[in-house]
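Reading through the structure tokens given below for one structure.
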Amino acid sequence: MRYRYPEARILIFARAPEPGRVKTRLAPDLGEAAAAELQEELARHTLQMALDSRLAPVVLYCSPDTRHPFFREVAEAGVRLRAQTGRDLGARMQRAFAEVLPECDRAVLIGTDCPVMRAAYLQQAFRALEQSAVVVGPAEDGGYVLLGLRQRLAPLFTGIDWGSDRVMAQTRAALEQAETGWRELETLWDIDLYQDLQRWRRQEP
């Protein structure tokens, strides 16, 4: 496949769609089985968007490992798999960037909870990394939906209250402390709560 940025990488963090282990804040409204089905739907949606963009090779970072049948199906379709490793989200992201940056000139990491993200958003991130060392896509809930790096930057992954509404503010503070220039993209929103899911369903074509 020909890519617009063949020396870059798109990293996607995804959890195995196991009932009771994913979308736990949605499970009271949907049920555990339906929440797991939603997790798989969102993962497929995100993967398809990234693959169809043909911007850069995709690496799927799987949790807790790569053995779930969904991940094996993805691998058979030609997507490269790696397992997420680390004690918390920051450590897992830091390790993922450490693994791929030696083999590419820039990498953009996203999750699977932001189905409103489009290929144009990823392209904006790659373009931003032509001028800046870091690009971030803020989320409405105070976190972020995208992080792109040209080089490893450890301060971005420590001292952050992952899962809180302070993640983006703490990330900005870490960038300022490290005296690192960065770009911010348009603020998007992700699916954490039932009202987020309803919002997305209303927007679907």
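The end of the sequence shown is residue 205 by the numbering used here, with every number in the run present.
No residue lacks a Cβ here, since even glycine has one placed at the ideal position from N, Cα and C.
Residue closest to residue i, alpha-carbon to alpha-carbon, out of the options
| i | options | result |
| --- | --- | --- |
| L146 | R152, L153, V134 | V134 |
| A16 | T171, L42, Q203 | L42 |
| Q123 | L55, E32, T46, L197 | L55 |
| P155 | Q177, S164, L197, E140 | Q177 |
| W162 | A96, R201, R92 | R92 |
| L89 | A8, E204, L185, T158 | T158 |
Under the three-state DSSP convention, the category residue i falls into
| i | result |
| --- | --- |
| W200 | helix |
| V136 | strand |
| L188 | strand |
| R2 | coil |
| R72 | helix |
Residue i - containing beta strand (DSSP E), residue span
| i | result |
| --- | --- |
| L147 | 144 to 149 |
| R80 | 80 to 83 |
DSSP bridge partner residues for residue i (one or two, in chain order)
| i | result |
| --- | --- |
| E130 | DSSP lists no partner for E130. |
| V58 | I10 |
| S63 | R15 |
N-terminal and C-terminal residue of the alpha helix (DSSP H) that residue i is part of
| i | result |
| --- | --- |
| L89 | 89 to 100 |
| R106 | Note, R106: premise wrong, no alpha helix (DSSP H); beta strand (DSSP E) at 106 to 110. |
| V167 | 167 to 177 |
| T46 | 32 to 53 |
Neighbour flag for residue i against chain D, beta carbons, 8 Å
| i | result |
| --- | --- |
| R166 | The structure shown contains no chain D; it holds only a single protein chain. |
Proximity test, residue i beta-carbon vs the ligand ADP heavy atom, cut-off 7 Å
| i | result |
| --- | --- |
| F13 | Summarising the ligand content, the structure contains no ligands, and the ligand ADP is consequently not present. |
Query - Touch test, the region 111 to 130 against the region 30 to 38, Cβ-Cβ under 8 Å, three pairs minimum - result: no
Query raised in the report: Using 8 Å as the Cβ pair cut-off and three pairs as the minimum, do the region 38 to 53 and the region 99 to 115 touch?
Result: yes
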